[in-house]
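*Asks:*
2 protein chains.
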Amino acid sequence: MTRAVSGRLSIVGLGPGAAAMRTPQADAVLAEATDFIGYGPYLDRVAARPDQVKHASDNREELDRARHALRLAAAGRRVAVVSSGDAGVFAMASAVFEAIEHGEPAWRKLEVEVVPGISAMMAVAARVGAPLGADFCAISLSDNLKPWAVVLRRLRAVAEAGFVIALYNPLSTARPWQLGAAFELLREVLAAETPVIFATAASRSEERIDVTTLDAADPARADMRTLVMIGSAATRVIEREGAAPLVYSLRRVSA
Amino acid sequence: MTRAVSGRLSIVGLGPGAAAMRTPQADAVLAEATDFIGYGPYLDRVAARPDQVKHASDNREELDRARHALRLAAAGRRVAVVSSGDAGVFAMASAVFEAIEHGEPAWRKLEVEVVPGISAMMAVAARVGAPLGADFCAISLSDNLKPWAVVLRRLRAVAEAGFVIALYNPLSTARPWQLGAAFELLREVLAAETPVIFATAASRSEERIDVTTLDAADPARADMRTLVMIGSAATRVIEREGAAPLVYSLRRVSA
Chain X
2 MTRAVSGRLS IVGLGPGAAA MRTPQADAVL AEATDFIGYG PYLDRVAARP DQVKHASDNR
62 EELDRARHAL RLAAAGRRVA VVSSGDAGVF AMASAVFEAI EHGEPAWRKL EVEVVPGISA
122 MMAVAARVGA PLGADFCAIS LSDNLKPWAV VLRRLRAVAE AGFVIALYNP LSTARPWQLG
182 AAFELLREVL AAETPVIFAT AASRSEERID VTTLDAADPA RADMRTLVMI GSAATRVIER
242 EGAAPLVYSL RRVSA
Chain P
2 MTRAVSGRLS IVGLGPGAAA MRTPQADAVL AEATDFIGYG PYLDRVAARP DQVKHASDNR
62 EELDRARHAL RLAAAGRRVA VVSSGDAGVF AMASAVFEAI EHGEPAWRKL EVEVVPGISA
122 MMAVAARVGA PLGADFCAIS LSDNLKPWAV VLRRLRAVAE AGFVIALYNP LSTARPWQLG
182 AAFELLREVL AAETPVIFAT AASRSEERID VTTLDAADPA RADMRTLVMI GSAATRVIER
242 EGAAPLVYSL RRVSA
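Which chain is which? The protein sequence lines are X and P, in order.
Just add 1 to wherever you are in the first sequence, counting from 1, and you've got my numbering.
Just add 1 to wherever you are in the second sequence, counting from 1, and you've got my numbering.
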C-alpha cells in the first residue's frame, strides 16, 4: 500500500433496529471508525469502545453535521456517520454529498463510502407480508425542504398511477397537520377500503404495527418515528384466525 | 414450548451478492432450513450442508415455485425460499402470499415470515452516492404481468412529478425493446442531461456500474440483471479527478 495514512468518511445504515438486521459490512466499518456522528438515538445503537468518540447532534441541521464529519475526515479521522435504516433513503448520505459539492475542494478527494442498510420501508413490508411486491414509491411528507404543493402533486400523481406509497416523516410536533391533509387527498383518488399500514419501531422491542383502511386511517396514530404505507388497487389483505392479517400487492395488473 | 413440531416457510432476501451484505438474520434462517427453493443462480449463493436439500427452478413460474414451497412447509419441512436483494421487491414474497390466498385453507395457518435483504436499488445507490436521497419510486419494466400501457402511464406520471426512478427487469431476450421505449418516453419529459445509472451485479466481483445521461443512454448497455436508475431534476453529479463521479439527489425542492 503506497497510500498515505488518511481519513475516511463512511455513511452507514444501521438498519431498522434489531442487531440481526445490521449487515456484517456495517459492523466492520463501525469497528474501524475513530469517530461516530449522528442523531443521538441512532448513536445509542452503536456500542463504542473507549477509544472511539461519539459526536451526538439533534435531528436537524443535517448539513452542519455533514460538514463536521467532513472536517474530521479531512483531518485524518476515520468517521462513521450513522443513520437508521438505509443511509441513502431520507437520511444523511444526501446531505454529505451536498456538503461535498459546495464545500472545500479537498473534500472531493476524500475516501467516501456509503454502507447500505435494511430500510425502514422494507423492514415494515417484511413484517406484514409483501405490500411492496408491485410498483411502489417513497415520499417524505416533510415540507421543511420542499413546498407542500409539491408534496400534494406527487401524492396525487402516484396514487392515480397505481403505486403503493411509503410515507416517511409523516408528521412531527412542528408539522402536525400534514398527514391528515395527505389522507384527505388520497381519499379523493383511492378506494375507501385501500389498506393502510402504520408501523412504529419495526423490528425493535417496542414495535407497533397496525393494518387499517384508508377511510379509517387516523393521523393521530402516527408520530415522527412512524412509517405509513398506503396500498394500491393491487394490495390485498389475507385475514387469518388467531394471527395478524397478511398484506401483499399483486404483481399482476389487468388492463 | 407447547407448539407441535411443524413446518415453516421463510422468504429470504440474500442481498445484492456480497456475503458481508447479507444480514445475520438471513444467515440464521438459512442455517435452520431443511429445504431451499429458488432460481438456480440465487441457490448457488447458499452454502448448503449435506442434510439440506436444494430445489432449483427457472426464473419464471413463480406461483408454481411458491406452491411447491407451501406444500413442503405444510408437510413439516422448514423451507427457505431465497431471492436476490430484498425478498419483497419484485421477488418471491408476493407470489407466496398470492399462492396462500388462493390455495389450501391450511396454508393460512402455516408459520410464514419474510426476511428482508439489502435491495438491489439501495446497493446500487450506495455504490454511486445517494441518488435515492429524495422522493423515489421503483417500477418493473416487465409487461409479462401488466399491460405495457400501464408501464408507460406510470413512467410518465413519476417523471413529470419529479421522482427518481429505479427500473427493475429493464429487458430480457423475450422483451428486447421495452427499455428503449421507456427512454424515448422519458426524453419527452426530462432534460437531456438527466443522470442515468446502469448497474449490473452491484457488490459482486463482476460489478459494472456506468453513469451517463438520458440523451446518451443506450438500452443495449442493459441485460436482465441490470438495474437502471433515472435521476430527477434534483439529481446532481459531482465530478472527481481520478475517481468515479458521485451521484446524489438534493433533498431540497424549490417552488
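Glycine included, every Cβ here is placed at the ideal spot set by N, Cα and C.
Please read these numbers as outputs of a predicted model, since none were measured by experiment.
Terminal residues of the continuous alpha helix (DSSP H) containing ASP65 of chain P?
*Replies:* Here residue 65 of chain P refers to the residue found at position 64 of the second sequence. Segment 63 to 75, the alpha helix (DSSP H) holding ASP65 of chain P.
*Asks:* Is there at least one Cβ from chain X nearer than 7 Å to PRO117 of chain P's Cβ?
*Replies:* For this step, residue 117 of chain P is matched to residue 116 along the second sequence. Chain X, which has a Cβ nearer than 7 Å to the Cβ of PRO117 of chain P, makes this yes.
*Asks:* If you check the beta carbons only, do ALA92 of chain P and VAL82 of chain P fall under 7 Å apart?
*Replies:* Position 91 of the second sequence holds residue 92 of chain P. Position 81 of the second sequence holds residue 82 of chain P. No; because the gap between Cβ atoms is not below 7 Å, this pair is not in contact.
*Asks:* When you compare each of X:GLU62, X:ALA67, X:PHE37, X:LEU64 to VAL54 of chain X by their alpha carbons, which one comes out closest?
*Replies:* Residue 54 of chain X sits at position 53 when you count from the first residue of the first sequence. For the residues X:GLU62, X:ALA67, X:PHE37, X:LEU64, the minimum Cα distance to VAL54 of chain X belongs to X:PHE37.
*Asks:* For GLU194 of chain P, would you say it is in contact with chain X, using Cβ-to-Cβ distances shorter than 7 Å as the test?
*Replies:* Taking the second sequence and counting its residues from 1, the one referred to as residue 194 of chain P is at position 193. No, GLU194 of chain P does not count as interfacial toward chain X.
*Asks:* Drop a sphere of 10 angstroms on the beta-carbon of ASN145 of chain X, count the other beta-carbons inside from all chains shown, and report buried for 16 or more, exposed for fewer.
*Replies:* Within the first sequence, numbered from 1, the residue matching residue 145 of chain X stands at position 144. Under this definition ASN145 of chain X is an exposed residue.
*Asks:* Using only alpha-carbon positions, find the residue among X:GLU208, X:VAL190, X:ARG46, X:LEU44 that is nearest to ARG226 of chain X.
*Replies:* What you label residue 226 of chain X is simply residue 225 of the first sequence in a count that begins at 1. Among X:GLU208, X:VAL190, X:ARG46, X:LEU44, the Cα nearest to that of ARG226 of chain X belongs to X:GLU208.
*Asks:* Taking DSSP as the reference, what is the three-state secondary structure of ALA5 of chain P?
*Replies:* Walking along the second sequence from the start, residue 5 of chain P turns up at place 4. Note that ALA5 of chain P scores a pLDDT of 44, beneath 50, so its modelled location is shaky and nothing firm can be said.
*Asks:* When the cut-off is 7 Å and only beta carbons count, does GLY89 of chain X lie next to chain P?
*Replies:* Along the first sequence, read from residue 1 onward, the residue named residue 89 of chain X stands at position 88. Cβ-Cβ to chain P under 7 Å: yes for GLY89 of chain X.
*Asks:* Which whole-angstrom value is the C-beta distance of ILE140 of chain P and LEU168 of chain P, which I expect to be below 8 Å?
*Replies:* On the second sequence, position 139 is the one that residue 140 of chain P refers to. On the second sequence, position 167 is the one that residue 168 of chain P refers to. Sure, about 6 Å apart at Cβ, within 8 Å.
*Asks:* To be precise: take each residue of the region 142 to 164 of chain P, compare its Cβ to all Cβ atoms of chain X, and keep it if any distance is under 8 Å. Which residues remain?
*Replies:* So the list reads LEU146, LYS147, PRO148, ALA150, VAL151, ARG154, ARG155, ALA158, VAL159, GLU161, ALA162, GLY163, PHE164, given in the order they occur along the chain.
*Asks:* Using a Cβ-Cβ cut-off of less than 7 Å, list which residues of the region 214 to 243 of chain X approach chain P; keep chain order.
*Replies:* Those would be ARG237, ILE239, ARG241, in chain order.
*Asks:* Any idea which residues DSSP pairs VAL83 of chain X with across the strands?
*Replies:* By one-based count along the first sequence, residue 83 of chain X stands at place 82. Beta-bridge pairing links VAL83 of chain X to X:VAL13.
*Asks:* Taking only beta-carbon positions, decide if ARG66 of chain P is within less than 7 Å of chain X.
*Replies:* As a position in the second sequence, residue 66 of chain P is number 65, starting the count at 1. ARG66 of chain P does not count as touching chain X.
*Asks:* Count the C-beta pairs between the region 181 to 194 of chain P and the region 117 to 134 of chain P that are closer than 8 Å, then say yes if the count reaches three, no if not.
*Replies:* Contact fails: fewer than three Cβ-Cβ distances are below 8 Å.
*Asks:* Determine the direct distance from the alpha carbon of PRO117 of chain X to that of ALA127 of chain P, and round the result to whole angstroms.
*Replies:* Here residue 127 of chain P refers to the residue found at position 126 when the second sequence is read from its first residue. Here residue 117 of chain X refers to the residue found at position 116 when the first sequence is read from its first residue. Looking at the two C-alpha atoms, the distance is approximately 6 Å.
*Asks:* So LEU253 of chain X contacts chain P; which residues on that side make the cut at Cβ distance below 8 Å?
*Replies:* Mapped onto the first sequence, residue 253 of chain X falls at position 252. Note that residue 253 of chain X is Arg in the sequence shown here, rather than Leu. Correct list: LEU146, LYS147.
*Asks:* Do VAL165 of chain X and PHE137 of chain X come within 7 Å of each other at the CB atom, strictly closer than that value?
*Replies:* Here residue 137 of chain X refers to the residue found at position 136 of the first sequence. Here residue 165 of chain X refers to the residue found at position 164 of the first sequence. Yes, they are a contact pair.
*Asks:* Less than 8 Å between the CB atoms is what I'm expecting for ILE239 of chain X and LEU247 of chain X, so what's the real figure, rounded?
*Replies:* In the first sequence, counting from the first residue as 1, residue 239 of chain X sits at position 238. In the first sequence, counting from the first residue as 1, residue 247 of chain X sits at position 246. Contact holds; Cβ gap of about 4 Å.
*Asks:* What residues from chain X crowd round ARG109 of chain P, counting only those whose CB sits closer than 7 Å?
*Replies:* Here residue 109 of chain P refers to the residue found at position 108 of the second sequence. Under the 7 Å cutoff, chain X gives ILE239, ARG241.
*Asks:* Would DSSP call ILE119 of chain X helix, strand or coil?
*Replies:* Taking the first residue of the first sequence as 1, we reach residue 119 of chain X at position 118. Coil, per DSSP.
*Asks:* Find the nearest neighbour of TYR40 of chain X within the set X:VAL129, X:VAL30, X:ASP65, X:THR236, judged by alpha-carbon distance.
*Replies:* As a first step, residue 40 of chain X must be located in the first sequence, where it is residue number 39. If we check each option's Cα against that of TYR40 of chain X, X:ASP65 comes out closest.
*Asks:* Nearest-angstrom Cα distance between VAL178 of chain P and GLU242 of chain X?
*Replies:* Numbered from its first residue, the second sequence carries residue 178 of chain P at position 177. Numbered from its first residue, the first sequence carries residue 242 of chain X at position 241. Residue 178 of chain P is actually Trp in this sequence, not Val. So the two alpha carbons sit approximately 46 Å from each other.
*Asks:* For GLY39 of chain X, which of helix, strand or coil comes out of DSSP?
*Replies:* Position 38 of the first sequence, counted from the start, is the residue given in the question as residue 39 of chain X. Correct three-state label for GLY39 of chain X: strand.
*Asks:* Tell me, please, whether the CB atom of TYR40 of chain P is closer than 7 Å to any CB atom in chain X?
*Replies:* The residue given as residue 40 of chain P occupies position 39 in the second sequence. So no, TYR40 of chain P is outside the interface.
*Asks:* Provide the residue span of the beta strand (DSSP E) that contains MET22 of chain X, from first to last.
*Replies:* Taking the first residue of the first sequence as 1, we reach residue 22 of chain X at position 21. Counting along the chain, MET22 of chain X falls outside any beta strand (DSSP E), and DSSP gives it neither H nor E.
*Asks:* Can you name the residues of chain X whose CB is closer than 8 Å to the CB of THR201 of chain P?
*Replies:* For this step, residue 201 of chain P is matched to residue 200 along the second sequence. Chain X residues near THR201 of chain P: none, gap ~17 Å exceeds 8 Å.
*Asks:* Kindly list, in the order they appear in chain X, the residues whose Cβ is closer than 7 Å to that of LEU133 of chain P.
*Replies:* Counting from one through the second sequence, the residue named residue 133 of chain P turns up at place 132. Going along chain X in sequence order, the residues near LEU133 of chain P (Cβ under 7 Å) are GLY89, VAL90.
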